[in-house]
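K.L.:
Plus 19 on top of the position in the sequence shown (first one is 1) and you've got this note's numbering. Cβ atoms here follow ideal geometry from the backbone N, Cα and C, with glycine treated the same way. Remember, predicted model here, so these are calculated numbers, not experimental data.
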Amino acid sequence: MRDQILQSVADMLGALLSAPVVIGPISPLGGYAVDFEGGAPIEIFRPLTSNEELPIVFNGKAENQQNLAVSMNTAHVALTTSSALPFAETWQIYAIETTAAPRLIAREQNKNYIYGSSFRIKFFAKGGQNG
20 MRDQILQSVA DMLGALLSAP VVIGPISPLG GYAVDFEGGA PIEIFRPLTS
70 NEELPIVFNG KAENQQNLAV SMNTAHVALT TSSALPFAET WQIYAIETTA
120 APRLIAREQN KNYIYGSSFR IKFFAKGGQN G
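(1) Could you give the DSSP three-state label for residue 118: helix, strand or coil?
(2) Below 8 angstroms between beta carbons: does that hold for residue 32 and residue 94?
(3) In terms of residues, what are the limits of the beta strand (DSSP E) holding residue 144?
(4) Exposed or buried, what is residue 43 when buried is set at 16 or more other beta-carbons lying within 10 Å of its beta-carbon?
(5) Which word fits residue 130, buried or exposed, when buried means at least 16 other C-beta atoms lie within 10 angstroms of its C-beta?
(6) Mapping the DSSP letters down to three states, classify residue 50 as helix, strand or coil.
(7) Taking buried to mean at least 16 other C-beta atoms within 10 Å of its own C-beta, is residue 46 buried or exposed?
(8) Taking Cβ positions, are residue 143 and residue 113 nearer each other than 8 angstroms?
(9) Taking residue 55 and residue 75 to be in contact with their CB atoms under 8 angstroms, please state how far apart those CB atoms are, rounded to whole angstroms.
(10) Would residue 96 be called buried (16 or more neighbouring beta carbons within 10 Å of its own) or exposed?
(11) For residue 151, which residues does DSSP report across the bridge?
(12) Could you tell me the alpha carbon to alpha carbon distance between residue 29 and residue 133, rounded to whole angstroms?
(13) Which residue marks the beginning of the beta strand (DSSP E) containing residue 78, and which one marks its end?
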């Protein structure tokens with residue numbers, strides 16, 4: 020279930036950015052990466068549903084710092100204000116929040132810029148698929 024949620028966020032970002040979005044901690048040049056950062060149920064309810072949070076890191080790498088910063092900020096605004104959020108039979112995302120705004124985290128010796136940020140994905144797990 021968490022893999023499906025991560026993939027759905029990667030798909031949303033890929034559609035917004037028109038660039039490759041890989042799953043893992045390291046983004047390709049001219050692309051982006053998303054990966055897990057932790058997460059656990061907030062509440063578990065009697066009918067075996069749960070309210071959960073899934074922290075996700077969102078990193079990008081590019082030669083042009085300005086373009087990278089603008090595209091990542093645009094992605095954050097789009098995801099956190101979206102009214103059409105992914106769902107499946109066993110889970111439903113109900114909110115995406117920015118927990119760390121895009122910022123410069125490194126500059127490689129070859130002059131590529133690496134930016135990092137993070138989201139908090141809030142979702143309901145349905146039918147005993149919690150945890």
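P.N.:
Checking against the coordinates, here is how it stands:
(1) strand
(2) yes
(3) 132-144
(4) exposed
(5) Label assigned to residue 130: exposed.
(6) strand
(7) buried
(8) yes
(9) Correct: roughly 7 angstroms between the Cβ atoms.
(10) exposed
(11) The chain is shown from 20 up to 150; residue 151 falls before or after that span and cannot be answered.
(12) 18 angstroms
(13) Judged by DSSP secondary structure, residue 78 falls within the beta strand (DSSP E) whose first and last residues are 69-81.
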